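J.: All you need for this note's numbering is the position in the sequence shown, starting with 1, plus 3. Built from N, CA and C at the ideal position, the CB exists for glycine as well. From a predicted model like this one, the values you see are computed outputs, not experimental measurements.
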Amino acid sequence: MSRQRNSRQKSMIDRALATSDHPTASEVYDMVRQDCPQVSLGTIYRNLASMAEGGEILRLSFAGTPDRFDPNTFEHFHVVCKHCGRVFDADCAQSALQLERLVESVEHSTGVAIEQHNLMFSGTCKQCAKTCGERGRKQGEPTTPVA
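1) Which residue wins for smallest C-alpha separation from T22, given the options R11, Q12 and V35?
2) So the alpha helix (DSSP H) H55 belongs to, where does it begin and stop?
3) Could you give the distance in angstroms between the alpha-carbon of H79 and the alpha-carbon of G58?
4) Starting from M123, follow its DSSP beta bridges and name the residues at the other end.
5) Does the count of Cβ pairs from the stretch 79-98 and the stretch 43-55 closer than 8 Å reach three?
6) Would you call M54 buried or exposed, if buried means 16 or more other Cβ atoms sit within 10 Å of its Cβ?
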């Protein structure tokens, strides 16, 4: 009985991840609770941790903000808006060769066999750039990120 419930909860988490953009555990919890009000935040955290450890999803950790989760496990980059905290996928297929060369260079200079890497960019998204301009702030001037 418990196994079936876990399977149902996991499928609801999968659905929440597929319909949102890099959500936090709390955001996944809010989405799942719409269909399953009895689910606990702890259950969401445990399932997300298990899915991340199993390689089913990516756990994205950024300093000072809650972890976010990504169902896209293919190699890609992330861009974080330093104003609103939104996370964007950057699928740069043409950058694959440059990334491979960078990894080789790091391995050569350090003597470490690179097994995993995480490349993240930050900047100002179009919406925040527009808002910053409307408020009279300079583009790139930081505000408190919303996570």
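T.: According to the data block:
1) Among R11, Q12 and V35, the Cα nearest to that of T22 belongs to V35.
2) One detail in the question is off: residue 55 reads as Ala in this sequence, not His. For A55, the enclosing alpha helix (DSSP H) has its first and last residue at L44 to E56.
3) 15 Å
4) H81
5) no
6) buried
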